[in-house]
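Protein chains in written order, with the numbering used here: chain A, 10 to 119; chain B, 10 to 123.
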């Protein structure tokens with residue numbers, strides 16, 4: 010199965026700034042889901058965006074999907090120290106089987 | 010509503026032993042899947058069960074197996090443990106009736122093989 014690939018791998022920003030992460034994939038998808046993982050913890054679901062959707066919002070999070078470019082982006086606005094975590098995109102090609110990217114490490118400096 | 014519950018959270022095993030990990034999905038969810046997370050390989054899909062049937066299987070050796078019970082609870086077993094099996098094992102659940110459902114993860118079980 011194809012894996013999503015996030016870019017960049019690591020991001021360090023000041024509190025209050027915006028953080029943007031990108032994810033690309035190779036084959037068509039049913040949906041794409043973004044997750045957050047704090048060190049040593051499980052995955053927290055952030056947003057699911059379906060293949061027929063272009064943009065979704067949830068609080069300070071904005072996700073876009075461009076199926077023609079096979080890419081997605083996650084924007085965190087007005088970042089907080091608590092946003093420090095790893096962020097993963099995962100593509101669903103069917104049958105509830107997710108293919109994950111390698112993740113983005115985001116550090117928000119207070 | 011309780012989330013996905015995994016037990017145990019931490020365990021240490023010796024090479025050659027076997028281990029069983031348990032997962033209770035969110036109430037009402039019938040799909041349970043398992044993932045392995047390591048620093049080198051990242052997050053990799055192990056298998057997925059729906060209504061006690063394995064629907065999908067990843068590229069792992071036969072030492073990795075699982076099952077699902079009638080109450081949707083699931084267990085995964087790793088036999089003849091190797092050092093490389095040290096990882097965070099994550100269980101996830103969804104309604105599973107069709108693709109496109111939100112998939113929720115538990116806190117994981119940290120396995121260390123020594």
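Backbone N, C-alpha and C define an ideal beta-carbon position, used for all residues, glycine too.
Keep in mind it's a predicted model, so treat the numbers as computed, not measured.
Relative to residue 61 of chain A, the option among A:31, A:41, A:92 whose CA is nearest is A:41. Burial is judged here by how many other beta carbons sit within 10 angstroms of a residue's own beta carbon; residue 80 of chain B has fewer than 16 and is exposed. Straight-line spacing of the CA atoms in residue 34 of chain B and residue 84 of chain B works out to 11 angstroms. Between residue 111 of chain A and chain B, the shortest Cβ-Cβ separation is below 8 angstroms. Against chain A, the beta carbon of residue 40 of chain B has neighbours under 7 angstroms at 105, listed in chain order. Note on geometry: alpha-carbon atoms of residue 98 of chain B and residue 95 of chain A lie some 17 angstroms from one another. Residue 112 of chain A and residue 61 of chain B have their C-alpha atoms spaced approximately 31 angstroms apart. For residue 20 of chain A, no Cβ of chain B is located within less than 8 angstroms of the residue's own Cβ. Rounded to the nearest angstrom, the gap between the Cα atoms of residue 87 of chain B and residue 25 of chain A is 45 angstroms. Non-local C-beta neighbours of residue 112 of chain B in its own chain, meaning closer than 6 angstroms and more than five positions away in sequence, comprise 101, 103, ordered along the chain. Counting only unbroken stretches of 3 or more residues, the beta strand (DSSP E) elements lying wholly within the segment 12-67 of chain B are 14-16, 19-22, 28-33, 40-47, 51-59, 62-66, in sequence order. Per DSSP, residue 34 of chain A has no beta bridge partner at all. For residue 116 of chain A, the beta-bridge partners assigned by DSSP are A:21. Exposure of residue 106 of chain B is indicated by the presence of fewer than 16 other C-beta atoms within 10 angstroms of its C-beta. Between the C-alpha atoms of residue 122 of chain B and residue 18 of chain B there is a straight-line separation of about 14 angstroms. Residue 91 of chain A counts as exposed, since fewer than 16 other C-beta atoms from the protein chains shown sit within 10 angstroms of its C-beta. Boundaries of the beta strand (DSSP E) around residue 86 of chain B: 83-87. Within the segment 73-86 of chain B, not one residue has a Cβ closer than 7 angstroms to any Cβ of chain A.
Against chain A, a Cβ distance below 7 angstroms from residue 60 of chain B picks out nothing, because the smallest value is about 13 angstroms.
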